[in-house]
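Note that the protein sequences, when read in sequence, are chains A and B.
UniProt numbering applies: residue 1 is where the first sequence begins, and numbers increase by one.
UniProt numbering applies: residue 1 is where the second sequence begins, and numbers increase by one.
There are 2 protein chains.
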Amino acid sequence: MKKNKANPNDNQDSSEIFNAAVLKKIQQARMAQTSAEELVVGILSANISALSRAITVIESSNKNHFAKANAIINSCLPHANQSVRIGITGVSGAGKSTFIEAFGKHLSSLGKKIAVLTIDPTSSISHGSILGDKTRMDELSKDPNTYIRPSASGETLGGVARKTRETIILCEAGGFDVIIIETVGVGQNEIAVHSMVDFFLLLQISGAGDELQGIKRGVIEIADAIVFNKSDGDNIDKTEQAKAELNRALHFFPPKKSGWIPSVSSCSAKNNQGIAQVEQMITDYIELTKSNTYFDKKRAEQNEFWLLETINDQLKQNFYGNTEIQNLLEKTKKAVQNNESSPFAAAQLLIETYFNSKD
Amino acid sequence: MKKNKANPNDNQDSSEIFNAAVLKKIQQARMAQTSAEELVVGILSANISALSRAITVIESSNKNHFAKANAIINSCLPHANQSVRIGITGVSGAGKSTFIEAFGKHLSSLGKKIAVLTIDPTSSISHGSILGDKTRMDELSKDPNTYIRPSASGETLGGVARKTRETIILCEAGGFDVIIIETVGVGQNEIAVHSMVDFFLLLQISGAGDELQGIKRGVIEIADAIVFNKSDGDNIDKTEQAKAELNRALHFFPPKKSGWIPSVSSCSAKNNQGIAQVEQMITDYIELTKSNTYFDKKRAEQNEFWLLETINDQLKQNFYGNTEIQNLLEKTKKAVQNNESSPFAAAQLLIETYFNSKD
Numbered sequence: 001m002k003k004n005k006a007n008p009n010d011n012q013d014s015s016e017i018f019n020a021a022v023l024k025k026i027q028q029a030r031m032a033q034t035s036a037e038e039l040v041v042g043i044l045s046a047n048i049s050a051l052s053r054a055i056t057v058i059e060s061s062n063k064n065h066f067a068k069a070n071a072i073i074n075s076c077l078p079h080a081n082q083s084v085r086i087g088i089t090g091v092s093g094a095g096k097s098t099f100i101e102a103f104g105k106h107l108s109s110l111g112k113k114i115a116v117l118t119i120d121p122t123s124s125i126s127h128g129s130i131l132g133d134k135t136r137m138d139e140l141s142k143d144p145n146t147y148i149r150p151s152a153s154g155e156t157l158g159g160v161a162r163k164t165r166e167t168i169i170l171c172e173a174g175g176f177d178v179i180i181i182e183t184v185g186v187g188q189n190e191i192a193v194h195s196m197v198d199f200f201l202l203l204q205i206s207g208a209g210d211e212l213q214g215i216k217r218g219v220i221e222i223a224d225a226i227v228f229n230k231s232d233g234d235n236i237d238k239t240e241q242a243k244a245e246l247n248r249a250l251h252f253f254p255p256k257k258s259g260w261i262p263s264v265s266s267c268s269a270k271n272n273q274g275i276a277q278v279e280q281m282i283t284d285y286i287e288l289t290k291s292n293t294y295f296d297k298k299r300a301e302q303n304e305f306w307l308l309e310t311i312n313d314q315l316k317q318n319f320y321g322n323t324e325i326q327n328l329l330e331k332t333k334k335a336v337q338n339n340e341s342s343p344f345a346a347a348q349l350l351i352e353t354y355f356n357s358k359d
Numbered sequence: 001m002k003k004n005k006a007n008p009n010d011n012q013d014s015s016e017i018f019n020a021a022v023l024k025k026i027q028q029a030r031m032a033q034t035s036a037e038e039l040v041v042g043i044l045s046a047n048i049s050a051l052s053r054a055i056t057v058i059e060s061s062n063k064n065h066f067a068k069a070n071a072i073i074n075s076c077l078p079h080a081n082q083s084v085r086i087g088i089t090g091v092s093g094a095g096k097s098t099f100i101e102a103f104g105k106h107l108s109s110l111g112k113k114i115a116v117l118t119i120d121p122t123s124s125i126s127h128g129s130i131l132g133d134k135t136r137m138d139e140l141s142k143d144p145n146t147y148i149r150p151s152a153s154g155e156t157l158g159g160v161a162r163k164t165r166e167t168i169i170l171c172e173a174g175g176f177d178v179i180i181i182e183t184v185g186v187g188q189n190e191i192a193v194h195s196m197v198d199f200f201l202l203l204q205i206s207g208a209g210d211e212l213q214g215i216k217r218g219v220i221e222i223a224d225a226i227v228f229n230k231s232d233g234d235n236i237d238k239t240e241q242a243k244a245e246l247n248r249a250l251h252f253f254p255p256k257k258s259g260w261i262p263s264v265s266s267c268s269a270k271n272n273q274g275i276a277q278v279e280q281m282i283t284d285y286i287e288l289t290k291s292n293t294y295f296d297k298k299r300a301e302q303n304e305f306w307l308l309e310t311i312n313d314q315l316k317q318n319f320y321g322n323t324e325i326q327n328l329l330e331k332t333k334k335a336v337q338n339n340e341s342s343p344f345a346a347a348q349l350l351i352e353t354y355f356n357s358k359d
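Here you go:
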């Protein structure tokens with residue numbers, strides 16, 4: 001059987017992408033210069049430049065960096081896990097950036113250090129760039145207690161998840177108290193983010209009345225809190241209605257294993273109203289789940305989840321990357337869809353082909 | 001790499017299970033006597049005895065029967081797919097058996113032939129027995145238009161799903177117009193059943209007011225209809241309330257790909273009230289989804305789903321059945337849970353071990 005080929009070294013050098021290529025070379029040269037130990041020492045002494053460079057090593061798809069990345073992570077692990085990890089999602093237009101700005105500044109005013117990471121596998125714009133998310137959170141990015149890092153993007157969700165999870169470890173080792181993972185409301189992102197945070201917050205807006213239907217299947221179920229943003233001016237009444245309606249709907253969901261009853265509240269991030277209450281609510285949640293041991297149990301479960309998920313991904317990648325399987329699969333799918341073959345018998349045939357293949 | 005060992009030939013012969021063993025030997029002898037062709041000819045001429053014996057071949061975990069089972073299924077496939085497949089689930093106490101009796105007799109009175117299959121991987125009682133489910137549906141089991149078959153049970157859900165799916169094919173080839181798959185409301189059953197039926201019905205009861213919270217995560221979302229049973233006597237008012245409440249909650253779910261708006265209704269199976277309306281509703285659904293092509297599309301998607309699901313299952317079985325992996329896995333899980341190793345790096349190590357193993 002063939003292992004998946006490593007990504008080719010992506011040192012491109014056409015004039016079109018000249019700046020990006022130059023930047024990459026500088027970064028890679030810098031990475032080569034600094035050893036894993038030096039980066040770890042830097043991270044542990046809260047050196048932001050070392051943290052950023054270490055994250056770049058982790059994000060690199062250059063195979064030569066894998067061992068260095070693993071060395072960094074393993075050295076950081078004993079110093080990690082002391083933060084509160086908060087996932088924030090919401091539809092486009094819910095005001096996520098404004099909310100995170102207000103929320104982050106409030107946390108900073110309480111003396112906390114905040115790292116903001118974003119996940120967006122659908123975008124290929126903001127890769128490693130200092131533009132993108134930072135400009136969306138202009139004020140927060142100037143706050144000395146805050147570190148904003150756009151995600152590695154334009155990759156598979158599995159790849160982004162891995163890099164984000166490992167970036168969390170590095171930020172924690174770097175002394176950040178709160179890690180905020182922001183995700184755009186598309187696809188399977190929310191489920192992935194839910195599996196790497198302690199608290200999952202869904203940001204909503206009230207409006208035409210029908211907009212709640214836009215909430216994706218399953219997202220309400222995994223939310224620990226739903227916060228209606230933009231509750232200001234004419235919108236206050238609508239928000240109160242939407243809150244009442246949502247509270248009724250939440251009755252239809254089974255109680256959470258955490259013992260926590262999902263909270264429905266509102267705020268106006270723009271006017272800085274209701275932000276302190278959100279922070280207090282999350283503090284309450286952390287207190288509850290630490291006292292009933294759910295907090296640590298969930299983190300251990302998440303670690304195991306990512307172990308098994310990664311194994312499963314790799315098994316599938318190897319199977320579907322197999323030459324003989326690739327030649328057979330489309331034909332088999334068609335036969336099965338058209339009821340010419342039982343799906344189970346067809347699967348058996350493919351599996352036998354795979355395990356007997358010379359790949 | 002080692003393939004999963006076939007289940008050992010389970011010809012046991014201790015006095016404790018003497019009757020079961022004798023019965024099995026008789027069945028196996030009978031199976032050996034009758035060829036796949038003979039069984040298929042019997043099925044296609046609506047011979048119930050041939051159908052039952054063919055299903056027993058499919059349910060057999062004796063490796064020697066696999067080729068015969070595949071031959072039967074492949075010969076039946078061109079004659080299958082003409083029925084309506086209905087999944088019925090509901091909590092214990094919702095009156096599923098009474099409902100299926102009343103519903104089945106109504107279908108029979110319309111001149112339809114009905115097969116009732118049950119899925120219960122948690123039970124190991126009714127395996128291949130003529131007791132069990134049949135006695136629960138005493139009257140229906142005497143109806144000449146009806147065939148009741150308890151599922152192969154006490155197995156993995158994947159195994160039960162496979163056998164049920166293939167039993168559906170055989171029943172359809174045998175001329176049954178409606179296939180009812182009944183499942184008890186536990187675990188992942190509903191999701192599996194949802195992936196093998198055209199219409200998914202959730203049977204509920206109203207009552208103390210809080211009982212809706214007992215509806216499992218996700219089950220409301222996949223239901224095409226929710227029918228409150230036992231709407232009789234003092235219960236009628238409560239049912240109307242529960243219906244209204246549920247209708248409000250359904251607003252929070254996104255529209256279905258089928259274009260169908262999930263229906264909330266009530267009946268009293270015991271008094272035979274509301275049963276014809278349920279039948280009419282399902283007929284409406286079938287008409288809608290056949291006219292908008294969703295019906296065929298969904299069946300093709302289900303076939304592909306089971307193909308990929310089976311492949312994935314087998315890949316995992318092979319991995320977790322590997323001796324070296326078994327020796328490493330628990331230790332690795334612990335290290336990952338205790339933050340001594342990154343889940344991703346640990347997964348990579350296990351995957352490398354697996355692909356380099358001599359199994």
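Glycine residues also receive a C-beta, built at the ideal position from the N, C-alpha and C atoms.
Every value quoted in this text rests on a predicted model; they were computed, and no experiment measured them.
- Look at residue 295 of chain A here: in three-state DSSP terms it is helix.
- According to the DSSP secondary-structure assignment, residue 253 of chain A is paired through a beta bridge with no residue.
- CA-to-CA, the gap between residue 357 of chain B and residue 339 of chain A works out to about 37 Å.
- Residue state for residue 50 of chain A is assigned as helix, using DSSP reduced to three classes.
- Sequence-distant partners of residue 178 of chain A (beyond 5 residues in either direction) whose C-beta falls short of 7 Å from its own C-beta, in its chain, are 83, 84, 86, 107, 112, 114.
- Taking 8 Å as the threshold, the shortest C-beta distance from residue 343 of chain A to chain B falls below it.
- Rounded to whole angstroms, the separation of the alpha carbons of residue 257 of chain B and residue 174 of chain B is 31 Å.
- Taking the Cα of residue 104 of chain B as reference, the smallest distance to any Cα among B:94, B:92, B:88, B:93 is reached at B:88.
- Interface flag for residue 249 of chain B against chain A is set, since a Cβ pair is found closer than 8 Å.
- Identification of residues in the stretch 32 to 60 of chain B having a C-beta nearer than 8 Å to some C-beta of chain A yields an empty set.
- A check of alpha carbon separations from residue 219 of chain A across A:166, A:193, A:299 identifies A:193 as the nearest.
- The straight-line gap separating the alpha-carbon atoms of residue 70 of chain A and residue 166 of chain A is approximately 10 Å.
- When Cβ pairs closer than 8 Å are counted between the two stretches, the stretch 323 to 338 of chain B is seen not to touch the stretch 52 to 62 of chain A, the count staying below three.
- Among the bridge pairs identified by DSSP, residue 225 of chain B is matched with B:201, B:263.
- If you draw a straight line from the Cα of residue 283 of chain B to the Cα of residue 311 of chain A, it comes to about 44 Å.
- Residues 332, 335, 336 of the same chain have their beta carbon placed closer than 8 Å to that of residue 346 of chain B, with the five preceding and five following residues left out of the count.
- With contacts defined as CB atoms closer than 8 Å, residue 232 of chain A and residue 271 of chain A qualify as a contacting pair.
- DSSP places residue 23 of chain B within a helical segment (H, G or I) once states are collapsed to three.
- According to the DSSP assignment, residue 340 of chain A belongs to no beta strand (DSSP E), since it is labelled neither H nor E.
- Judged by their CB atoms, residue 228 of chain A and residue 206 of chain A are nearer to each other than the 8 Å cut-off.
- For the options B:75, B:252, B:99, the alpha carbon positioned closest to that of residue 43 of chain B is the one of B:75.
- Within chain B, the residues whose beta carbon sits less than 9 Å from that of residue 220 of chain A are 252, listed in sequence order.
- As computed with DSSP, residue 85 of chain A is found in a beta bridge with A:179.
- A straight line joining the alpha-carbon of residue 246 of chain A with that of residue 296 of chain A spans about 30 Å.
- In chain order, 311 make up the part of chain A whose C-beta sits under 7 Å from the C-beta of residue 350 of chain B.
- From the beta-carbon of residue 337 of chain B, the residues of chain A found nearer than 7 Å are 300, 303, 304.
- When C-alpha distances from residue 66 of chain B are compared across B:318, B:299, B:22, B:162, the shortest belongs to B:162.
- Between the beta-carbon of residue 170 of chain A and that of residue 350 of chain A there is about 40 Å, and that puts the pair past the 8 Å contact cut.
- Setting aside the 5 residues that flank it on each side, residue 268 of chain A is surrounded in the same chain by 229, 230, 231, 232, 274, each with a C-beta closer than 8 Å to its C-beta; the list follows chain order.
- Per the DSSP secondary-structure output, residue 114 of chain B pairs in a beta bridge with B:146, B:178.
- Under the three-state reduction of DSSP, residue 206 of chain A is assigned to coil, being neither helix nor strand.
- Neighbours of residue 340 of chain B in chain A, taken as residues whose beta carbon is under 9 Å from its own, are 74, 77, 78 in chain order.
- Residue 90 of chain A carries a strand assignment under DSSP once its states are collapsed to helix, strand and coil.
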